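In terms of my numbering, the sequence shown is residues 1 to 72. In this text, a Cβ means the ideal position worked out from N, Cα and C, and glycines have one as well. Just so you know, these numbers come straight off a predicted model, no measurement behind them.
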Amino acid sequence: MNLPIFSDTILRQIGNVLEGTATHREFSSLFSECRIVEQGGTPKWERITLALTVRQKQDGCGNNVMAFIQRL
Numbered sequence: 001m002n003l004p005i006f007s008d009t010i011l012r013q014i015g016n017v018l019e020g021t022a023t024h025r026e027f028s029s030l031f032s033e034c035r036i037v038e039q040g041g042t043p044k045w046e047r048i049t050l051a052l053t054v055r056q057k058q059d060g061c062g063n064n065v066m067a068f069i070q071r072l
């Protein structure tokens with residue numbers, strides 16, 4: 001079952017909420033484990049938002065966004 005696409009606003013909020021849950025190094029490992037390609041960004045919220053936005057656009061659904069959240 002495919003989850004619906006999250007809006008840009010929701011993805012930004014996800015980035016804001018998750019930024020305090022791990023270090024930059026830990027996020028790099030999580031992105032790799034979830035097969036999400038990093039897209040840059042210096043603050044953690046921006047790294048998360050950019051990476052999840054691109055992955056969601058590639059997939060056409062929110063499944064990998066949710067999988068990333070659940071890994072934390």
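Residue closest to residue i, alpha-carbon to alpha-carbon, out of the options
i	options	result
V18	P43, V54 and R55	For clarity, residue 18 is Leu in the given sequence; the question names Val instead. L18 has its Cα closest to that of P43, out of P43, V54 and R55.
V54	W45, V37, T21 and L30	V37
As assigned by DSSP and simplified to three states, the class of residue i
i	result
M66	helix
V37	coil
F6	coil
Per-residue burial, residue i [other beta carbons within 10 Å of its own, 16 or more giving buried]
i	result
G15	buried
I48	buried
L11	buried
L75	Residue 75 is absent from the structure shown; the chain starts at 1 and stops at 72.
>> For the pair the stretch 19-27 and the stretch 53-60, tell me if three or more CB-CB distances fall below 8 Å.
In response: no
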